Every structure is written in C-alpha cells, then in structure tokens.
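Residue numbers (my numbering): 1 to 177.
Idealized CB from N, CA, C, for every residue including glycine.
Note that the coordinates shown come from a computational prediction; the quantities given were computed from them, not determined experimentally.
Just below is one structure, and these are the notes that go with it.
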Ligand code: ZN
C-alpha cells in the first residue's frame, strides 16, 4: 500500500482510523468535468497524500476529512476550491523569438516561465502565430468544476519524517537520495 513499510508498520493499520491532519491517505479516484469527460484517474492504489499539508486541492481535502478506509464519496468541487478561477490577465502574447528558434512551438505544449515576481510558473501555449505566441499562465484546470468519485483505500498515521517534510515517503511518495 502506498507509502507503507510493511516490515516495521504492520500493526498500524486501523480500518476505523478517520482522516484528519497528519495522516497519510491513499485514494482511488476518477475525476470528471461537467460534461462527463474523464480528466484524471488513479485506481491502482498509487495515489497518496499527506492530509493537512495542502498536498491536494482544498475542496477534495475538506471532503475527505473524517472519512475512513473503505468509504466512498462523490463530490463536486467549484473552481474556487479547486485550481482557481481563470484569470484573463494571465493570457499574454509573447514574441515568437522569445523561444529558441529550433524549438517547435505547438498549442498545448507547456513551458516553465518566470512570473511577474520572479516565481516559476507553468504556461501553456494557446495559439501560435507567425510572429506572436499566445501563452496561458492559468492552470489547465482553472475554471473547471471538478467531479470526483473517490474510494478511500488506506489511512495511516504519518511518520515524523513525513510530517517534517510535508509529503509522503515510500514506493509512491517522494524518494530522497
Ligand atoms: Zn521527504
């Protein structure tokens, strides 16, 4: 199971353990938009997160609080509690020559760029003209209502090291050298 170390942790499994802060939660989920298109899916027990550490969107974290292993929930999350509303100011035209000349530029491609305050932002190529490329700095799921069907597969207490790092360790979590 996600992030679990069976050799030293065999006694910590508790089917009635409720999801709250400082717990590692494994979920299987299907994410659809309002038109029933599947946007994302994980059904092999490989998705886990540290509850209370803003590892996942607020709307989903809130809906999972208090649930236990085996519980199933369906929740519809407004953009404000998901990836935010779309901000048209984040759509910008940049000169084609801002990209390396040998770099193919096609709609849908994503690049790391520098935001107004020097922070790293991911931008998606919206349209490509002869001289101008339109880039969109909104998250691809900004403005989208997110409909999750979730089965809670496992709940365990986080380790002290996981709490210190703010993320899950183990087979499907972060690996450190
Ligand atoms: Zn770590």
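Cutoff 7 Å; reference residue i; Cβ partners in own chain excluding five residues on either side
| i | result |
| --- | --- |
| residue 131 | 95 and 96 |
| residue 86 | 138, 142 and 143 |
| residue 16 | 68 |
| residue 56 | 49 |
| residue 40 | 31 |
Residue environment, residue i, which counts as buried when at least 16 other CB atoms sit within 10 Å
| i | result |
| --- | --- |
| residue 106 | exposed |
| residue 166 | exposed |
| residue 108 | exposed |
| residue 161 | exposed |
| residue 49 | buried |
| residue 61 | buried |
| residue 169 | buried |
| residue 66 | exposed |
| residue 152 | buried |
| residue 129 | exposed |
Proximal residues to residue i (C-beta, below 6 Å), its chain only, five neighbours per side dropped
| i | result |
| --- | --- |
| residue 123 | 111, 113, 135 and 137 |
| residue 174 | 167 |
| residue 64 | 19 |
| residue 99 | 105 |
| residue 178 | The question about residue 178 has no answer, for the chain in this structure spans 1 to 177. |
| residue 121 | 113, 115 and 137 |
C-alpha distance - residue i paired with residue j, whole-angstrom precision
| i | j | result |
| --- | --- | --- |
| residue 116 | residue 54 | 24 Å |
| residue 6 | residue 23 | Only weak support exists for where residue 6 lies, its pLDDT of 49 falling under 50; the coordinates are left without a value. |
| residue 28 | residue 73 | 11 Å |
| residue 8 | residue 158 | Reliability of the predicted coordinates at residue 8 is poor, the pLDDT of 47 falling under 50, and no value is obtained from them. |
| residue 176 | residue 93 | 39 Å |
| residue 101 | residue 90 | 24 Å |
| residue 163 | residue 42 | 24 Å |
Spatial neighbours of residue i in its chain, beta-carbon cut-off 8 Å, leaving aside the 5 residues before and after
| i | result |
| --- | --- |
| residue 145 | 33, 34, 76, 77, 78, 79 and 82 |
| residue 47 | 2, 26, 27, 28, 29 and 172 |
| residue 71 | 151 and 152 |
| residue 147 | 31, 32, 33, 34, 74, 75, 76 and 77 |
Next item on the list: Check each residue's C-beta against every heavy atom of the ligand ZN and list, in chain order, those closer than 6 Å.
Entry: Of all residues, those with a beta-carbon under 6 Å from at least one heavy atom of the ligand ZN are 165, 167, 169, 174 and 176, reported in chain order.
Margin query: Please give the ranges of any alpha helix (DSSP H) in the stretch 19–86, keeping only runs that are unbroken, at least 4 residues long and fully inside the region.
Written below: With a minimum length of 4 residues, the continuous alpha helix (DSSP H) runs that stay inside the stretch 19–86 are 58–64.
Next item on the list: List in chain order: all unbroken beta strand (DSSP E) runs of 3+ residues lying wholly within the stretch 120–171.
Entry: As far as the stretch 120–171 is concerned, its whole beta strand (DSSP E) runs of at least 3 residues are 120–128, 132–136 and 146–157.
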